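**Student:** Residue numbering for the sequence shown follows the working numbering, starting at 1 and increasing by one per position.
Glycine is no exception: its CB is placed at the ideal position from the N, C-alpha and C atoms.
A quick note: this is a predicted structure, and the numbers were derived from the prediction, not measured.
Provided herewith is a single structure, encoded as C-alpha coordinates, for subsequent inquiry.
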Amino acid sequence: MNLVVHELKANTGTGSLYQTLTTAASPAYQEIYAVRPHLLKYASPAGSLYIEIQDNAGSLLATSETIAITDISAIAYFHGYVRFPVNVRLAPSASYRVALKYSGLYAFAEAAYIGWCGDYDLVKYGVGYTPVGSLDRPLDVEIFTRRIPRKGYY
(Lines of atoms letter the chains of each structure in order from A and count residues from 1; the text may use other names and numbers.)
(Lines give C-alpha, C1' and ligand atoms only; values in the text may rest on other atoms or scores of the structure.)
Protein backbone atom coordinates (compact mmCIF):
# COMPACT_ATOMS: atom_id res chain seq x y z
CA MET A 1 0.00 0.00 0.00
CA ASN A 2 1.22 3.47 -0.85
CA LEU A 3 0.00 6.56 0.95
CA VAL A 4 -0.24 9.94 -0.71
CA VAL A 5 0.18 12.36 2.18
CA HIS A 6 -0.12 16.14 2.32
CA GLU A 7 1.86 17.57 5.23
CA LEU A 8 0.21 20.06 7.58
CA LYS A 9 2.61 23.00 7.29
CA ALA A 10 0.49 26.08 8.04
CA ASN A 11 -2.96 27.07 9.34
CA THR A 12 -3.51 29.53 6.48
CA GLY A 13 -2.23 30.04 2.95
CA THR A 14 0.33 27.70 1.42
CA GLY A 15 0.69 24.58 3.53
CA SER A 16 -2.83 24.69 4.97
CA LEU A 17 -5.07 21.68 4.36
CA TYR A 18 -8.78 21.67 3.59
CA GLN A 19 -11.26 19.61 1.59
CA THR A 20 -14.34 21.13 -0.03
CA LEU A 21 -17.77 19.53 0.18
CA THR A 22 -21.13 20.39 -1.37
CA THR A 23 -24.36 19.52 0.41
CA ALA A 24 -27.17 17.76 -1.41
CA ALA A 25 -30.09 19.60 -2.97
CA SER A 26 -32.66 18.56 -0.40
CA PRO A 27 -35.52 20.08 1.57
CA ALA A 28 -33.51 19.31 4.72
CA TYR A 29 -30.46 20.76 6.43
CA GLN A 30 -27.40 18.56 6.87
CA GLU A 31 -26.07 18.58 10.41
CA ILE A 32 -22.47 17.42 10.79
CA TYR A 33 -21.74 15.79 14.13
CA ALA A 34 -18.31 14.24 13.45
CA VAL A 35 -15.47 14.44 10.95
CA ARG A 36 -12.88 11.66 10.56
CA PRO A 37 -9.90 12.63 8.39
CA HIS A 38 -7.38 9.92 7.49
CA LEU A 39 -4.24 11.22 9.20
CA LEU A 40 -0.60 10.20 9.26
CA LYS A 41 1.44 10.84 12.40
CA TYR A 42 5.10 10.71 11.46
CA ALA A 43 7.36 10.35 14.51
CA SER A 44 6.16 12.32 17.56
CA PRO A 45 5.22 15.94 16.83
CA ALA A 46 3.93 18.10 19.69
CA GLY A 47 0.74 20.16 19.86
CA SER A 48 -2.94 19.63 19.18
CA LEU A 49 -5.26 19.31 16.19
CA TYR A 50 -8.81 20.40 15.48
CA ILE A 51 -11.20 20.66 12.54
CA GLU A 52 -12.84 23.84 11.30
CA ILE A 53 -15.99 23.88 9.19
CA GLN A 54 -15.81 26.97 6.98
CA ASP A 55 -17.95 28.53 4.30
CA ASN A 56 -16.60 28.42 0.74
CA ALA A 57 -14.68 31.68 1.30
CA GLY A 58 -12.90 30.31 4.38
CA SER A 59 -14.94 32.07 7.10
CA LEU A 60 -15.31 30.03 10.29
CA LEU A 61 -18.69 28.35 10.95
CA ALA A 62 -17.76 25.80 13.63
CA THR A 63 -14.75 24.31 15.42
CA SER A 64 -14.38 20.73 16.62
CA GLU A 65 -13.03 19.54 19.93
CA THR A 66 -9.23 19.76 20.16
CA ILE A 67 -7.25 16.51 20.23
CA ALA A 68 -3.68 16.29 21.52
CA ILE A 69 -1.40 14.68 18.94
CA THR A 70 -0.01 12.41 21.68
CA ASP A 71 -3.56 11.06 22.24
CA ILE A 72 -3.92 9.94 18.61
CA SER A 73 -1.61 6.98 19.08
CA ALA A 74 1.15 5.92 21.46
CA ILE A 75 3.25 4.57 18.59
CA ALA A 76 5.56 6.87 16.65
CA TYR A 77 4.21 6.09 13.17
CA PHE A 78 0.45 5.87 12.72
CA HIS A 79 -2.07 6.30 9.96
CA GLY A 80 -5.81 5.93 10.34
CA TYR A 81 -9.06 7.80 10.82
CA VAL A 82 -9.20 10.21 13.76
CA ARG A 83 -12.63 11.33 15.02
CA PHE A 84 -13.25 15.02 15.69
CA PRO A 85 -16.69 15.72 17.23
CA VAL A 86 -18.20 18.93 15.81
CA ASN A 87 -21.72 20.32 15.60
CA VAL A 88 -22.80 22.50 12.69
CA ARG A 89 -25.89 22.78 10.49
CA LEU A 90 -25.28 23.26 6.76
CA ALA A 91 -27.76 24.59 4.21
CA PRO A 92 -28.73 22.50 1.16
CA SER A 93 -26.96 23.01 -2.19
CA ALA A 94 -24.06 24.97 -0.72
CA SER A 95 -20.28 24.53 -0.70
CA TYR A 96 -18.19 24.36 2.46
CA ARG A 97 -14.64 23.53 3.59
CA VAL A 98 -13.40 21.01 6.14
CA ALA A 99 -10.02 22.32 7.33
CA LEU A 100 -7.41 20.61 9.51
CA LYS A 101 -5.78 23.07 11.94
CA TYR A 102 -3.14 22.87 14.67
CA SER A 103 -2.50 24.67 17.94
CA GLY A 104 0.02 24.61 20.75
CA LEU A 105 3.60 23.60 20.08
CA TYR A 106 3.07 22.01 16.65
CA ALA A 107 5.57 23.05 14.01
CA PHE A 108 6.16 21.18 10.77
CA ALA A 109 9.55 19.46 10.49
CA GLU A 110 10.61 16.68 8.12
CA ALA A 111 11.56 14.63 11.19
CA ALA A 112 8.09 14.87 12.86
CA TYR A 113 4.80 16.01 11.36
CA ILE A 114 1.10 15.39 10.79
CA GLY A 115 -0.23 14.69 7.31
CA TRP A 116 -3.68 14.26 5.78
CA CYS A 117 -3.79 11.24 3.49
CA GLY A 118 -5.28 11.35 0.04
CA ASP A 119 -7.56 8.53 -1.02
CA TYR A 120 -5.76 5.26 -1.83
CA ASP A 121 -7.02 4.87 -5.39
CA LEU A 122 -5.99 7.85 -7.46
CA VAL A 123 -7.89 6.74 -10.58
CA LYS A 124 -11.46 6.57 -9.28
CA TYR A 125 -12.24 10.27 -9.72
CA GLY A 126 -14.00 11.11 -12.97
CA VAL A 127 -13.07 13.71 -15.54
CA GLY A 128 -15.45 16.17 -13.89
CA TYR A 129 -13.21 16.52 -10.80
CA THR A 130 -11.52 19.91 -10.45
CA PRO A 131 -8.54 20.15 -8.06
CA VAL A 132 -8.83 22.64 -5.20
CA GLY A 133 -5.73 24.59 -4.26
CA SER A 134 -2.52 22.65 -4.70
CA LEU A 135 -4.08 19.21 -4.16
CA ASP A 136 -4.45 16.95 -7.19
CA ARG A 137 -6.92 14.53 -5.61
CA PRO A 138 -9.44 14.75 -2.77
CA LEU A 139 -8.27 14.19 0.78
CA ASP A 140 -9.57 11.05 2.51
CA VAL A 141 -12.25 12.01 5.04
CA GLU A 142 -15.44 10.56 6.52
CA ILE A 143 -18.21 12.96 7.52
CA PHE A 144 -21.07 11.89 9.78
CA THR A 145 -24.34 13.79 9.28
CA ARG A 146 -28.02 13.90 10.26
CA ARG A 147 -30.80 15.31 8.10
CA ILE A 148 -32.85 18.03 9.80
CA PRO A 149 -36.20 18.84 8.08
CA ARG A 150 -36.73 22.51 7.29
CA LYS A 151 -39.93 24.08 8.56
CA GLY A 152 -42.60 24.33 5.86
CA TYR A 153 -41.19 21.56 3.64
CA TYR A 154 -42.90 18.56 5.26
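#1: Is it buried or exposed for residue 27, if we count other Cβ within 10 angstroms and need 16 for buried?
#2: State the DSSP-derived secondary structure class of residue 4, mapped to helix, strand or coil.
#3: Leaving out five residues on either side along the sequence, give the residues of the same chain with a beta carbon under 6 Å from the beta carbon of residue 103.
#4: Please name the residue in 52, 149, 118 whose C-alpha comes closest to that of residue 84.
#5: Over what stretch of residues does the alpha helix (DSSP H) that includes residue 145 continue unbroken?
#6: With respect to the alpha helix (DSSP H) encompassing residue 71, which residues constitute its N-terminal and C-terminal limits?
#7: Over what stretch of residues does the beta strand (DSSP E) that includes residue 52 continue unbroken?
#8: Terminal residues of the continuous beta strand (DSSP E) containing residue 114?
#9: Which partner residues of residue 103 appear in the DSSP bridge assignment?
#10: Excluding five sequence neighbours on each side, which residues of the same chain lie with their C-beta closer than 6 Å to the C-beta of residue 88?
#11: Quickly, what does DSSP pair residue 108 with across the bridge? List them, please.
#12: Evaluate contact between the stretch 67 to 80 and the stretch 13 to 20, counting only Cβ atoms and requiring at least three cross-stretch pairs below 8 Å.
#13: Using three-state DSSP, classify residue 58 as helix, strand or coil.
**Tutor:** To lay it out plainly:
#1: In the sequence shown, counting from the first residue as 1, residue 27 sits at position 27. Answer is exposed; the Cβ neighbour count stays below 16.
#2: In the sequence shown, the residue the question calls residue 4 occupies position 4. Residue 4 falls in the coil class under three-state DSSP.
#3: Within the sequence shown, the letter at position 103 stands for residue 103. The residues 48, in chain order, have a CB closer than 6 Å to that of residue 103 in the same chain once the five nearest residues on each side in sequence are set aside.
#4: Translated into the one-based positions of the sequence shown, residue 84 becomes position 84. Among 52, 149, 118, the Cα nearest to that of residue 84 belongs to 52.
#5: The residue you call residue 145 lines up with position 145 of the sequence shown. First-last for residue 145: 141 to 149, but that is the beta strand (DSSP E), not the alpha helix (DSSP H).
#6: Counting from 1 along the sequence shown, the entry for residue 71 is found at position 71. Its alpha helix (DSSP H) spans residues 69 to 72.
#7: The residue you call residue 52 lines up with position 52 of the sequence shown. First-last of the beta strand (DSSP E) with residue 52: 48 to 55.
#8: Here residue 114 is taken as the residue at index 114 of the sequence shown, counted from 1. That run of the beta strand (DSSP E) goes 113 to 117.
#9: By 1-based counting over the sequence shown, the position of residue 103 is 103. Beta bridge pairing from DSSP links residue 103 with 48.
#10: As a working mapping, residue 88 is identified with position 88 in the sequence shown. 32, 53, 61, 62, listed in sequence order.
#11: For the purposes of this step, residue 108 is identified with residue 108 of the sequence shown, where counting begins at 1. Note: residue 108 sits in no beta bridge, so no partner.
#12: no
#13: Position 58 of the sequence shown, counted from the start, is the residue given in the question as residue 58. If DSSP states are grouped into helix, strand and coil, residue 58 belongs with coil.
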